[in-house]
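Colleague: Just so we're aligned: the sequence shown equals residues 7 to 439 in the working numbering. In this text, a Cβ means the ideal position worked out from N, Cα and C, and glycines have one as well.
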Amino acid sequence: MAIKEKVDIIGLSGLITPSLDEMVHVAKEMKHRKMDIPLLIGGATTSRIHTAVKIDPEYDGAVVHVLDASRSVPVASELINPNSKANLKSKVKSEYNKLRTDHTSKQQLKNLIPIAEARKNKVQIDWEHAQIHKPIVTGRKELVNYPIEELRSYIDWTPFFQTWMLHGRYPGILSDAKVGGEAKKLFDDANRMLDRFSEEKSLRASGVFALYSAQSVGDDVVVTINEANKQTETFHFLRQQVRKAQNLPNYCLSDFIVPSGIGKADYLGLFAVTAGLGLEEICDRFKKDHDDYSEIMAKALADRLAEAFAEALHHKVRTEYWGYANEEVLSNDQLIKEEYVGIRPAPGYPACPDHTEKQLLFELLEAEKLGIKLTESYAMYPGASVSGFYFSHPEASYFGLGKVAKDQISDYAVRKAEKLEVVEKWLAPILSY
Ligand code: B12
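1. Give me the residue from 313, 129, 179, 220 with the minimum Cα distance to residue 253.
2. Excluding the 5 residues preceding and the 5 following residue 478 in the sequence, name in chain order all residues of the same chain whose CB lies nearer than 6 Å to its CB.
3. Nearer than 6 Å: is that true of the beta carbon of residue 169 relative to any heavy atom of the ligand B12?
4. Here's a check: name, in chain order, each residue in its chain whose Cβ is nearer than 8 Å to the Cβ of residue 177, leaving out the five neighbours to either side.
5. Helix, strand or coil for residue 203? Go by DSSP, reduced to three states.
6. Leaving out five residues before and five after residue 95 in sequence, what residues of the same chain have Cβ atoms less than 7 Å from its Cβ?
7. How do the stretch 209-219 and the stretch 150-159 stand: do at least 3 beta-carbon pairs fall below 8 Å, yes or no?
8. Give me the Cα-Cα distance between residue 198 and residue 71, rounded to the nearest whole angstrom.
9. Would you report the Cα separation of residue 220 and residue 428, rounded to the nearest angstrom?
10. Taking 7 Å as the threshold (C-beta atoms), are residue 373 and residue 278 in contact?
11. Mapping the DSSP letters down to three states, classify residue 71 as helix, strand or coil.
12. Might you give, ordered along the chain, the residues of its own chain that have their beta carbon closer than 8 Å to the beta carbon of residue 425, omitting 5 neighbours on each side?
13. Does DSSP put residue 386 in a helix, a strand or coil?
14. Distance, Cα to Cα, residue 103 vs residue 369?
15. What ranges does the alpha helix (DSSP H) occupy inside the stretch 234-294, keeping only unbroken runs of at least 4 residues that lie completely in it?
16. What residue range does the alpha helix (DSSP H) around residue 313 cover?
17. How many Å lie between residue 181 and residue 188 at the Cα?
18. Does DSSP put residue 8 in a helix, a strand or coil?
19. How many angstroms separate the CA atom of residue 165 from the CA atom of residue 386?
20. Out of 88, 169, 235, 146, which has the shortest C-alpha to C-alpha gap to residue 2?
21. Which of the three DSSP states is assigned to residue 378 in this structure?
22. Which of the three DSSP states, helix, strand or coil, is assigned to residue 175?
23. If you count every other CB in all the chains shown that lies within 10 Å of the CB of residue 21, and 16 or more means buried, which is it?
24. Closer than 6 Å: is that where the CB of residue 23 sits relative to any heavy atom of the ligand B12?
25. Is the distance from the Cβ of residue 354 to the Cβ of residue 402 below 7 Å?
26. So, with DSSP's three-state summary, where would you put residue 151?
27. Rounding to the nearest angstrom, what Cα-Cα distance links residue 47 and residue 323 in this structure?
28. Nearest CA to the CA of residue 135: which residue from 405, 52, 399?
29. How many angstroms separate the CA atom of residue 138 from the CA atom of residue 272?
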């Protein structure tokens with residue numbers, strides 16, 4: 007297509023890790039076809055270092071990582087100007103070459119400890135005395151066509167303005183001297199569109215969650231999905247391997263669930279929500295009217311509602327379905343700041359970067375029944391969807407896994423009964439070898 011249309015530049019955008027591998031594939035394919043069209047790389051999950059180490063070596067044409075869309079105009083102008091194109095290409099190639107060399111020497115210096123040692127330094131929780139709350143509702147529960155009106159109060163508006171490149175915190179941004187006028191107009195338009203979605207029932211939200219009894223077995227968490235026949239399934243987690251300062255543990259999410267030897271029952275929650283049902287049809291209508299503004303607005307609102315739904319459902323689970331925090335009283339601001347007990351890490355986030363764990367999550371939740379699909383590269387469709395786990399222990403906290411070593415990944419592949427190279431492919435950005 008790009009060759010047929012004689013395009014000047016190809017741009018690739020990556021939101022989640024699996025897109026990174028796809029970008030390497032595209033670069034290889036372009037080389038194979040002896041193309042010379044410059045390749046621009048951008049999006050939340052991309053980085054200069056990944057572009058330099060993984061993508062640039064696969065393509066002889068110019069490969070440029072652009073951090074911010076506003077930078078793409080000057081870079082694109084240089085790349086289409088015959089006088090500056092070659093210069094920029096050789097400048098970036100040599101910059102990336104240096105980054106690759108520095109990266110290799112830094113990798114060798116990384117201060118990682120053996121996984122056996124990291125496991126000994128797990129989070130210490132006094133399980134003997136821990137109060138574990140049995141959920142009021144166990145098993146799987148669907149929430150079909152959840153009212154959008156109820157989700158509105160859970161919206162975190164600050165990222166909404168970031169989508170429109172307006173920086174500042176809500177609600178202050180509405181009266182900001184510089185961007186206040188524009189922010190207010192966007193906010194009013196957004197609320198009018200939300201009113202319309204509710205009236206027409208054109209945008210719909212559905213979700214599902216499940217609460218299962220669970221125990222940790224090493225770095226894994228085993229859930230019993232059928233108490234009668236004792237059918238179990240296992241979620242696999244990774245442990246921090248960087249050498250820690252004294253008294254700081256090497257975290258793993260399994261540390262927040264009762265270990266199997268203690269003889270107590272604990273619980274793990276699973277969830278998937280979407281607020282993107284019907285969005286495609288809404289966007290098609292806007293496209294037909296060449297109304298780009300409304301199309302972007304609809305997508306931005308669906309993303310906000312998905313996040314709001316994740317927040318609202320977590321709130322309901324804590325206070326009603328699981329009920330371990332039934333006396334919780336928090337303002338919306340406190341909810342956004344996550345000042346509640348428990349966490350809801352999502353596969354792909356820094357504490358559990360393995361997107362492939364969504365496979366089992368989706369199977370157990372039967373999320374497809376709600377209209378949420380998992381693509382072959384573990385992205386969710388509709389895009390405005392979130393899925394993850396609920397941990398209830400008061401000491402459960404978010405953390406960044408950081409880099410991990412081969413000893414852990416080899417063991418992880420065995421636990422997942424997966425080929426090492428497959429595991430390495432999906433976890434490429436966190437491998438330190
Ligand atoms: C909003 C958001 C969401 C929304 C919307 C997602 C969507 N449909 O786009 C929701 C809530 C639905 C969501 C869900 C998920 N998310 Co999310 N999300 C974000 C967040 C907070 C902002 C992304 C965003 O839209 N930014 C605004 C846009 C405008 O910025 P941008 O994408 O970076 O693009 C800018 C530049 O990068 C550049 N650019 C982008 N592309 C290109 C291309 C070219 C060629 C050029 C030149 C420039 C360029 O231009 C833009 C403007 O400057 C990021 C964290 C972050 N701060 O980046 C996480 C983030 C992307 N999400 C993440 C994850 C893991 C997920 C989930 C998998 C979690 C889960 N298990 O549910 C799901 C996946 C959803 C799916 N459909 O599969 C991770 C990805 C990590 C990874 N390495 O894989 C991030 C980085 C958070 C984190 N720190 O861990 N997410």
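Modeller: For this structure:
1. The sequence position of residue 253 within the sequence shown is 247, counting from 1. Of the listed residues, the one whose Cα sits closest to residue 253 is 129.
2. The structure shown does not extend to residue 478, since the chain is modelled only from 7 through 439, so no value can be given for it.
3. Position 163 of the sequence shown, counting from 1, holds the residue named residue 169. Residue 169 Cβ: within cutoff of the ligand B12.
4. Within the sequence shown, numbered from 1, the residue matching residue 177 stands at position 171. Contacts found: 163.
5. What you label residue 203 is simply residue 197 of the sequence shown in a count that begins at 1. It is helical.
6. Locating residue 95 in the sequence shown gives position 89, where the first residue counts as 1. Within the same chain, residue 95 has close Cβ partners 68.
7. yes
8. Within the sequence shown, numbered from 1, the residue matching residue 198 stands at position 192. Within the sequence shown, numbered from 1, the residue matching residue 71 stands at position 65. Near 37 Å, if we compare the C-alpha coordinates of residue 71 and residue 198.
9. If you number the sequence shown from 1, residue 220 lands on position 214. If you number the sequence shown from 1, residue 428 lands on position 422. Those two C-alpha atoms are separated by around 27 Å.
10. Along the sequence shown, read from residue 1 onward, the residue named residue 278 stands at position 272. Along the sequence shown, read from residue 1 onward, the residue named residue 373 stands at position 367. Their beta carbons are under 7 Å apart, which means residue 278 touches residue 373 by this criterion.
11. Position 65 of the sequence shown, counting from 1, holds the residue named residue 71. Note: residue 71 maps to strand in three-state DSSP.
12. Sequence index remark: in the sequence shown, residue 425 carries index 419 (1-based). For residue 425, where only same-chain residues beyond five positions count, the Cβ hits under 8 Å are 419.
13. In the sequence shown, residue 386 corresponds to position 380, counting from 1. Reduced to three states, the DSSP call for residue 386 is strand.
14. Numbered from its first residue, the sequence shown carries residue 103 at position 97. Numbered from its first residue, the sequence shown carries residue 369 at position 363. Using only the alpha carbons, I get a separation of about 43 Å.
15. 285-294
16. Sequence index remark: in the sequence shown, residue 313 carries index 307 (1-based). Taken as a continuous stretch (DSSP letters only), the alpha helix (DSSP H) holding residue 313 covers 298-322.
17. Residue 181 sits at position 175 when you count from the first residue of the sequence shown. Residue 188 sits at position 182 when you count from the first residue of the sequence shown. Cα-Cα distance, rounded: 10 Å.
18. Along the sequence shown, read from residue 1 onward, the residue named residue 8 stands at position 2. Coil.
19. As a first step, residue 165 must be located in the sequence shown, where it is residue number 159. As a first step, residue 386 must be located in the sequence shown, where it is residue number 380. Cα to Cα, the separation comes out at about 20 Å.
20. What is shown of the chain runs 7 to 439, which leaves residue 2 out entirely.
21. Locating residue 378 in the sequence shown gives position 372, where the first residue counts as 1. Reduced to three states, the DSSP call for residue 378 is coil.
22. The residue given as residue 175 occupies position 169 in the sequence shown. Residue state, collapsed to three classes: coil.
23. Here residue 21 corresponds to residue number 15 of the sequence shown, with the count starting at 1. Flag for residue 21 reads exposed.
24. Locating residue 23 in the sequence shown gives position 17, counting from the first residue. Yes, since a heavy atom of the ligand B12 falls inside the 6 Å radius drawn around the Cβ of residue 23.
25. The residue you call residue 354 lines up with position 348 of the sequence shown. The residue you call residue 402 lines up with position 396 of the sequence shown. It is not a contact, given that the beta carbons lie outside the stated cut-off.
26. Here residue 151 is taken as the residue at index 145 of the sequence shown, counted from 1. Of the three classes helix, strand and coil, the one that applies to residue 151 here is strand, per DSSP.
27. Against the sequence shown, residue 47 aligns to sequence position 41. Against the sequence shown, residue 323 aligns to sequence position 317. Approximately 39 Å between the Cα atoms of the pair.
28. Counting from 1 along the sequence shown, the entry for residue 135 is found at position 129. The shortest C-alpha separation from residue 135 is found at 399.
29. Residue 138 sits at position 132 when you count from the first residue of the sequence shown. Residue 272 sits at position 266 when you count from the first residue of the sequence shown. Approximately 6 Å between the Cα atoms of the pair.
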